[in-house]
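Q: So that we are looking at the same thing, I have put the structure below in structure tokens.
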Ligand SMILES: [Zn+2]
């Protein structure tokens, strides 16, 4: 096996424990050196602390837009998961390659790196760009600085392929997400005098109930888009904290909720509706008892949805590469919505399955990895001059 095969490169990439909370610089430096060895220059976009970086590199002619191959270098933690194999070392067993990030999504990055010599061997009519990000798993945070820079360029990339695991099936859409924290500030007192206090938990419960109602309205058939599962936007409260003892009226309560929005539905509308309800219905009652009462809403993270038209150039390219014209969607989010928002039409197609992503004993099959290698060779053909 060549040290530049996708499998050998995957073994190197898995060996860097790039959990989102930790630095990804060792991996980025490895990729930079690998590309430099092939004569390809990389540009790094560091985070403000200088501990993480995005990498951007271009192969092919300057002065024309091209195709971005995009992947995130960070992985989710393995803490508390029952791994039977070493997570940060590649193990091959029964046609499967095990290790954290093999499916999500170092397999794709390895395949892209392995394809670089093939891209270099041909005169290309438009360039291929490699865009590898950090902090995707914690809200698609890292890629934003790289996208801001790309947007300024006169020859912005024409389209983007994100290699998140879709079993090499083309995916043109996914929902967007808005995560919010709501903090309710009430007033404490001895529970025997409950009406003299402002019970933050009880007001939080009313707000959560309201979110439930908003969610039910979004699920009505007139809002359905059958391409997605579930076929409507959803609202969910996932974390709540409040109260110290049963004999104290709780002063504070905070809860986190998220909106998974169909492309085209503005998730912020849910937060706005909750804010209006809080101001019109709850705060006047709370402040009658204690003027310092408050309900504060703040975003935790957000990324836009994706719905690339089936008749677009990006959709045609991914159909050509994958051999399927289906308008596939996935339930998980990607950086695709951000690329799309930056004016770079985006599709998602990569090796492995998210059934294995984020789980113990994560794997990508050798067959899927080789399938991705083959798909990238079809991209070389597509980008070749004279085609
Ligand atoms: Zn991913």
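Residue numbers (the working numbering): 15 to 401. Quick reminder that beta carbons are idealized off the backbone N, C-alpha and C, glycines included.
Between residue 183 and residue 342, how many whole angstroms is the CB-CB distance? I'm expecting something under 8 Å.
A: 5 Å
Q: May I ask which residues mark the beginning and end of the beta strand (DSSP E) holding residue 191?
A: 190-199
Q: Go to residue 123, then tell me how far its beta strand (DSSP E) extends in each direction, as first and last residue.
A: No beta strand (DSSP E) contains residue 123, which is instead part of the alpha helix (DSSP H) from 121-135.
Q: Between residue 313 and residue 152, what straight-line distance do the alpha-carbon atoms span, to the nearest angstrom?
A: Annotation: residue 313 to residue 152 spans about 14 Å, alpha carbon to alpha carbon.
Q: According to DSSP, which residues form a beta bridge with residue 107?
A: 110
Q: Starting from residue 310 and walking both ways along the beta strand (DSSP E), at which residues does that stretch end?
A: 308-317
Q: Assuming contact is defined by CB atoms lying nearer than 7 Å, are residue 179 and residue 371 in contact in what I supplied?
A: yes
Q: Considering residue 281, what are the terminal residues of the beta strand (DSSP E) in which it resides?
A: In the DSSP assignment, residue 281 falls outside any beta strand (DSSP E) and carries neither an H nor an E.
Q: DSSP puts residue 256 in a beta bridge; with which residues?
A: Looking at the DSSP assignment, residue 256 forms a beta bridge with 267.
Q: CB residue 156 to CB residue 119, shorter than 7 Å?
A: The beta carbons of residue 156 and residue 119 sit no closer together than 7 Å.
Q: Among 90, 181 and 50, which residue has its Cα nearest to the Cα of residue 402?
A: In the structure as shown, the chain begins at 15 and stops at 401. Residue 402 is therefore absent and cannot be evaluated.
Q: Exposed or buried, what is residue 327 when buried is set at 16 or more other beta-carbons lying within 10 Å of its beta-carbon?
A: exposed
Q: For residue 231, is the classification buried or exposed, using 16 other Cβ atoms within 10 angstroms of its Cβ as the cut-off for buried?
A: exposed
Q: Would you mind working out which of 282, 62, 69 and 265 sits nearest residue 54, comparing C-alpha positions?
A: 69
Q: Can you name the residues that DSSP bridges to residue 274?
A: 191 and 248
Q: Which residue marks the beginning of the beta strand (DSSP E) containing residue 85, and which one marks its end?
A: 81-86
Q: Among the candidates 336, 224 and 304, whose CA atom is the shortest distance from the CA of residue 6?
A: The structure shown has nothing for residue 6, since the chain only spans 15 to 401.
Q: Within the continuous alpha helix (DSSP H) that includes residue 386, where are the two ends?
A: In this chain, the alpha helix (DSSP H) harbouring residue 386 covers 380-397.
Q: Less than 6 Å separating the Cβ of residue 119 from some heavy atom of ligand 1?
A: yes
Q: Taking a contact to mean a Cβ-Cβ separation below 7 Å, would you say residue 83 touches residue 126 in this structure?
A: In this structure, residue 126 lies closer than 7 Å to residue 83 by Cβ.
Q: Taking residue 77 as the reference, give the member of 67, 172 and 237 with the closest Cα.
A: 172
Q: Under the three-state reduction of DSSP, which class applies to residue 342: helix, strand or coil?
A: strand
Q: Starting from residue 361 and walking both ways along the beta strand (DSSP E), at which residues does that stretch end?
A: 360-362
Q: Whole beta strand (DSSP E) runs in the region 151-179 with 3 or more residues, listed along the chain?
A: Counting only runs of 3 or more, we get 173-176.
Q: Check whether the region 126-137 and the region 286-298 are in contact - that is, three or more C-beta pairs closer than 8 Å.
A: no
Q: Please report the straight-line C-alpha distance between residue 216 and residue 208, rounded to a whole angstrom.
A: Straight-line Cα distance between these residues: approximately 11 Å.
Q: Is residue 242 helix, strand or coil when you go by DSSP?
A: coil
Q: Considering only DSSP beta bridges, list what residue 372 is partnered with.
A: Among the bridge pairs identified by DSSP, residue 372 is matched with none.
Q: Under a Cβ-count criterion, where at least 16 other Cβ atoms within 10 Å of its own Cβ denotes burial, should residue 274 be classed as buried or exposed?
A: buried
Q: Taking only three categories from DSSP, how would you classify residue 367?
A: strand
Q: Is any non-hydrogen atom of ligand 1 found closer than 6 Å to the C-beta of residue 349, if you look at the structure I gave you?
A: no
Q: If we call anything under 7 Å between Cβ atoms a contact, is residue 366 one with residue 121?
A: Yes, the pair counts as a contact, with Cβ atoms nearer than the cut-off.
Q: How big is the Cα-Cα spacing for residue 388 and residue 381?
A: 10 Å
Q: Whole-angstrom Cβ separation of residue 97 and residue 270, contact assumed at under 8 Å?
A: About 28 Å separates the two Cβ atoms, so there is no contact after all.
Q: Under DSSP, the alpha helix (DSSP H) around residue 56 begins and ends at which residues?
A: Note, residue 56: premise wrong, no alpha helix (DSSP H); beta strand (DSSP E) at 56-60.
Q: By DSSP, does residue 44 sit in helix, in strand, or in coil?
A: helix
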